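Undergrad: First the structure, which I've put down as structure tokens, then a few questions once you've had a look.
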Amino acid sequence: MKTDQGTALFNAIVPTTFGAIGIRTQDGRVRELVYLPPSFDEKAADNEVAAQAAGQVASYLQDPDFRFDLPLFEAGTDFQRRVWSEISAIPRGNVKTYGQVAKLIGSAPRAVGQACGANWFPLIIPCHRVTASGGLGGFSNQDDENGFHLSVKRWLLQHEGATASPWQQQSIWD
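Residue numbers 0 to 173, in numbering that gives the first Met the number 0, belong to the letters of the sequence shown in order.
Right under this line is the structure:
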């Protein structure tokens, strides 16, 4: 059952195959993107930046090679921004483990996972491209293997053409 819940919380809501993406803007920049379950109704953008973001999200959903170009609100700690920068360099269709990202920035896998969970701009900063060494790992601070957020992660990886890697002990699709 659809509901207008959250309509006031978001400047736009874009429907997706897996649910929806809520867009928040502030001061002429994107403030946050949020994965929303299917119960959320679509909402037309109520400002120019939200319209631009909604259009770019829709473009990505049609073409996984689409490159985002949006004004983003400055968010995160210096460490989180280092992690997000490294994650942003992972090409579409590829994945890295939390450990691999940690090694690249001189940190620990758990800290990388926490920075992924704190990502304000999923899709734009593709944290879904980071997995555990033995499988899918968590997503958006969630790790229920049958839950909404991990189903979104699976959908995004499939959309981008990622395949299970030899270093994984289980499929990322299970």
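All C-beta atoms, glycine included, are put in the ideal place defined by N, C-alpha and C. Note that this is a predicted model, so its numbers are computed, not measured.
1. What separation, rounded to the nearest whole angstrom, lies between the Cα atoms of Trp-172 and Asp-45?
2. My understanding is that Gln-79 touches Ala-131, with C-beta atoms under 8 Å, so please give their C-beta distance in whole angstroms.
3. Give the straight-line distance between the Cα atoms of Arg-66 and Tyr-59, rounded to the nearest whole angstrom.
4. Relative to the C-alpha of Ser-106, which candidate in Lys-95, Arg-81, Pro-125 has its C-alpha closest?
5. Does the ligand ATP have even one heavy atom less than 8 Å from the beta-carbon of Ala-110?
6. When you compare only the Cα positions, how much space is there between Arg-91 and Thr-6?
7. So, for Pro-36: in the same chain, excluding its five sequence neighbours on each side, which residues have a beta-carbon less than 8 Å away from its beta-carbon?
TA: Checking against the coordinates, here is how it stands:
1. Note that Trp-172 scores a pLDDT of 48, beneath 50, so its modelled location is shaky and nothing firm can be said.
2. With a Cβ gap of about 19 Å, Gln-79 and Ala-131 do not count as contacting.
3. 8 Å
4. Arg-81
5. In the structure shown, the ligand ATP is absent, as is every other ligand, since no ligand is present at all.
6. 31 Å
7. Only Gly-18, Ala-19, Phe-147 meet the Cβ criterion.
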